[in-house]
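**Student:**
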Amino acid sequence: MSQVQRDQLRVVAEKAVLVAVQLPRRYFDTLDPLGEIRALAETAGAVVVGELLQKRDKPSGRTYLGKGKAVELAQLVAVTGATLVIFDNDLSPAQIRAIEAGTECKVIDRSELILDIFANRAATHAAKLQVEIAQLEYTYPRLRAMWTHLENIAGGAPIGIGTRGPGEKQLEIDRRLVQLRLRNLKRELVRIQQRKSREVQKRNLDHYTVGLVGYTNAGKSTLFNGLTTGGAFVHQKLFATLGTRIERWDLGGGNSAMLSDTVGFIRQLPHHLVASFRSTLEETIYADLIIIVLDVADPNAQMQLETVRATLEEIGAIDQQRILTLNKIDRLNDSKMLLCWLNQEPEAIPLSATTGEGLDELADAVREHMIGGVREVTITVSMADSRAVDFIEKRTEVLDRQYGEGTAQFTVRIGRRQVDQLLARSARIRINDQEPLDAVQTAWGGR
Ligand SMILES: Nc1nc2c(ncn2[C@@H]2O[C@H](COP(=O)(O)OP(=O)(O)OP(=O)(O)O)[C@@H](O)[C@H]2O)c(=O)[nH]1
Ligand SMILES: [Mg+2]
Numbered sequence: 014m015s016q017v018q019r020d021q022l023r024v025v026a027e028k029a030v031l032v033a034v035q036l037p038r039r040y041f042d043t044l045d046p047l048g049e050i051r052a053l054a055e056t057a058g059a060v061v062v063g064e065l066l067q068k069r070d071k072p073s074g075r076t077y078l079g080k081g082k083a084v085e086l087a088q089l090v091a092v093t094g095a096t097l098v099i100f101d102n103d104l105s106p107a108q109i110r111a112i113e114a115g116t117e118c119k120v121i122d123r124s125e126l127i128l129d130i131f132a133n134r135a136a137t138h139a140a141k142l143q144v145e146i147a148q149l150e151y152t153y154p155r156l157r158a159m160w161t162h163l164e165n166i167a168g169g170a171p172i173g174i175g176t177r178g179p180g181e182k183q184l185e186i187d188r189r190l191v192q193l194r195l196r197n198l199k200r201e202l203v204r205i206q207q208r209k210s211r212e213v214q215k216r217n218l219d220h221y222t223v224g225l226v227g228y229t230n231a232g233k234s235t236l237f238n239g240l241t242t243g244g245a246f247v248h249q250k251l252f253a254t255l256g257t258r259i260e261r262w263d264l265g266g267g268n269s270a271m272l273s274d275t276v277g278f279i280r281q282l283p284h285h286l287v288a289s290f291r292s293t294l295e296e297t298i299y300a301d302l303i304i305i306v307l308d309v310a311d312p313n314a315q316m317q318l319e320t321v322r323a324t325l326e327e328i329g330a331i332d333q334q335r336i337l338t339l340n341k342i343d344r345l346n347d348s349k350m351l352l353c354w355l356n357q358e359p360e361a362i363p364l365s366a367t368t369g370e371g372l373d374e375l376a377d378a379v380r381e382h383m384i385g386g387v388r389e390v391t392i393t394v395s396m397a398d399s400r401a402v403d404f405i406e407k408r409t410e411v412l413d414r415q416y417g418e419g420t421a422q423f424t425v426r427i428g429r430r431q432v433d434q435l436l437a438r439s440a441r442i443r444i445n446d447q448e449p450l451d452a453v454q455t456a457w458g459g460r
C-alpha cells in the first residue's frame, strides 16, 4: 500500500480530485455545485484533475460517501494520478482515515483547505499567529487519528512519518508540544489584540469609521482603492485580503471618514478561524457604519448576502447602521436582475467599483449617515473658544454670523453627529439659546 501522509497538508501544486456530497439542507449552487470548492482549490494552488458529486439524504457514517461512490472515487484517483482528494464537506478524523485507506490518497476537507489558503496568504505577524492557532486547533485532534492510522497501515514499519515512531510515547510528546505552542501563541496574540483594541478605540473617538465587509471576491478591495488613495491588494482569487487596511476617505463637503478593508467572509468559515480572526475583524465590529459589498453578478449572490449577514451577527457587529451596495453592475447583462435586487433591497446602492459608477451616491449616503439629520440652529460660543469656532467655520454650513460682547452667534446647518463632535470639543456652547442637550432633544428628538 502506498504511504499516505497527513503531516503535511499543504495543497500547492497537488493534483486534486474534488468531491462534494449534496445533503438536503445544505446550500449548493445548482448550476455548478463544485464551483466554490474548485475556486478555493485553485486559489490554494492545486490543479483539479477530477470531480465527483453525490446526492445523499445523509452522509454515510464511515466514508461519508456511499459504498459505490467510494469505489468510484478510488478509481478516479487511480486513473487521474491524483495526489490529493478535497472534500467540500467537513469530515471527522475517522472519515478521513477511512477514505484515505480506500483511495490510498491524502484527503483533506473544506476547513483544512481554507486554513491552508489562509496560511499561505497571512502576511502580518498577527494574521500568521491567528492562522497557526486555528490550524493547531483544527488539525491537532486529527493528528492523533493520523498517527494511529499510519501506524495501522504501516504496521509500525519505518516509512514516512512512521520513521519517527508514532508510538504512544511519541504521541504524548507531540501532544504536549502542540499544547505548549498553542499556549505561547495565544499569549502573544492577546498582547497584540490588546494593543490593537486601544488603537481601534482611539480611532473611533477621533474619526467616523466605516467598515467594508462582504463575501470573498465581492470587490471590497477594489472599492476601497476607488474610494481612497488605495493600496489594497486586488485579485480574482479568493481571500486576496487577510489583514485590515485603513485609509482616509474624503466624502466631500469638508467631511471625511476612516475606511477599512478586511478579510472576506465565506459560508462555513472554520469556527476556529472566525474566533482567531476576531481582532482582524475588530475594525468592523466597532465601525460606526458598515458597508456590505455584494457581487450581484455572481449567481450565488443571495446565499452570499445571507452568509455575510449571519457572520456579522456571529462576530457581534449588530448595532451599527448598514448600507448595502450592489457591486459589479457593469457585469450584469440583464437589467431585470438589478430591478429584482432593488425590489428586494430598496435601500441598496447599485455601483461598479471598477467603472466608478455609483461611488458618488455611496459617498452621499455615508455622509448622510455620518452627520445625522441636518437641522438649522443657532449656536452661541465665546470668541475665545477657538476650537469650537474653528469647528463651526470648517465643518458646518454657516448661514449667518452675529457678533456680541466676546461671543459669536452662528446660524448653521448642522448634523446630529456633528453636534456631538462639537460638544466633545467644547461644553460651553448654547444651541437655540438653550442648554445643548435640551436643544438637541427639541431639534432632533431622541437622546
Ligand atoms: N467587472 C467588475 N469586476 C470587479 C468589480 N469589483 C471588483 N471586481 C473584480 O473582482 C475581483 C475581486 O476583487 P477584490 O476587490 O479583490 O475582492 P475582495 O472582496 O477584496 O476579495 P477578498 O479580499 O478575496 O475577500 C477582482 O478580479 C476585481 O477586479 C466591478 O465592479 N466590476
Ligand atoms: Mg480584498
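For what it's worth, the working numbering labels the leading residue of the sequence shown as 14, then goes sequentially. Glycine included, each C-beta is placed from N, C-alpha and C at the ideal position. The structure displayed is predicted, hence computed values, not measured ones.
1) From this set, Gly94, Ala83, Gly74, which residue's C-alpha is nearest Val61's C-alpha?
2) Can you check whether the C-beta of Lys215 is within less than 8 Å of a C-beta belonging to chain D?
3) Keeping to the same chain, check which residues put their C-beta closer than 6 Å to that of Asp413; ignore five residues upstream and five downstream.
4) Closer than 8 Å is the cut-off here; do at least three beta carbon pairs connect the region 271–283 with the region 227–234?
5) What runs of the beta strand (DSSP E), each 3 residues or longer, lie entirely inside the region 220–300?
6) Relative to the C-alpha of Gly13, which candidate in Thr152, Ala323, Leu31 has its C-alpha closest?
7) Could you spell out where the beta strand (DSSP E) holding Ile127 opens and where it closes?
8) Taking 6 Å as the limit, tell me which residues put their C-beta closer than that to any heavy atom of ligand 1, in chain order.
9) Rounded to whole angstroms, what is the Cα-Cα separation between Met219 and Lys68?
10) Could you check which residue in Leu53, Ile130, Arg322 has the C-alpha nearest to that of Leu255?
11) Can you tell me where the alpha helix (DSSP H) holding Phe404 begins and where it ends?
12) Can you tell me the Cα-Cα spacing of Gly81 and Ala140, whole angstroms?
13) Unbroken beta strand (DSSP E) runs of length 3 or more, entirely within the region 327–379: which are they?
14) I need the DSSP call for Val309, collapsed to helix, strand or coil.
15) Going along the chain, which residues of its own chain have a beta-carbon closer than 7 Å to the beta-carbon of Ala52, five neighbours each way excluded?
16) Does any heavy atom of ligand 2 sit closer than 7 Å to the C-beta of Ala136?
17) Counting pairs of Cβ atoms below 8 Å between the region 114–129 and the region 256–264, do you hit three or more?
18) What does DSSP give as the partner residues of Leu413 in its beta bridges?
19) Between Ala440 and the rest of its own chain, which residues show a CB-CB distance below 6 Å, the 5 nearest in sequence each way excluded?
20) Residues bridged to Gly63 by DSSP?
21) Look at the Cβ atom of Asp42, then the Cβ atom of Asn313, and state whether they are nearer than 8 Å.
22) Indicate the three-state DSSP secondary structure (helix, strand or coil) for Leu36 in the structure shown.
23) Does ligand 2 have a heavy atom nearer than 7 Å to the CB of Asp42?
24) Mapping DSSP to helix, strand and coil, what is Glu389?
25) Any heavy atom of ligand 2 closer than 7 Å to the CB of Asp308?
**Tutor:** In brief:
1) Scanning Gly94, Ala83, Gly74 for the CA closest to the CA of Val61 turns up Gly94.
2) As a matter of chain content, chain D is missing from the structure shown, which is built from one protein chain.
3) Thr424
4) yes
5) 222–227, 258–265, 268–274
6) Nothing can be reported for residue 13: it is not among the residues displayed for the chain, which extend from 14 to 460.
7) No beta strand (DSSP E) holds Ile127; the alpha helix (DSSP H) holding it covers 123–134.
8) Gly227, Thr229, Asn230, Ala231, Gly232, Lys233, Ser234, Thr235, Val247, His248, Gln249, Leu251, Phe252, Ala253, Thr254, Gly277, Asn340, Lys341, Asp343, Arg344, Ser365, Ala366, Thr367
9) Note on residue identity: the sequence assigns Asp, not Met, to residue 219. Cα to Cα, the separation comes out at about 54 Å.
10) Ile130
11) 399–408
12) 42 Å
13) 334–340
14) coil
15) Apart from the 5 residues on each side of it in sequence, Ala52 sits with its Cβ closer than 7 Å to the Cβ of Leu251 in its chain, given in chain order.
16) Every heavy atom of ligand 2 is 7 Å or more from the Cβ of Ala136, so no.
17) The answer is no - the region 256–264 does not touch the region 114–129, with fewer than three Cβ pairs under 8 Å.
18) Here residue 413 is Asp; the residue named in the question, Leu, does not match the sequence. BP columns for Asp413 point to Thr424.
19) none
20) According to DSSP, which records beta bridges pairwise, Gly63 is partnered with Val30.
21) yes
22) coil
23) no
24) The three-state reading of DSSP puts Glu389 in strand, counting E and B together.
25) No - ligand 2 has no heavy atom lying nearer than 7 Å to the Cβ of Asp308.
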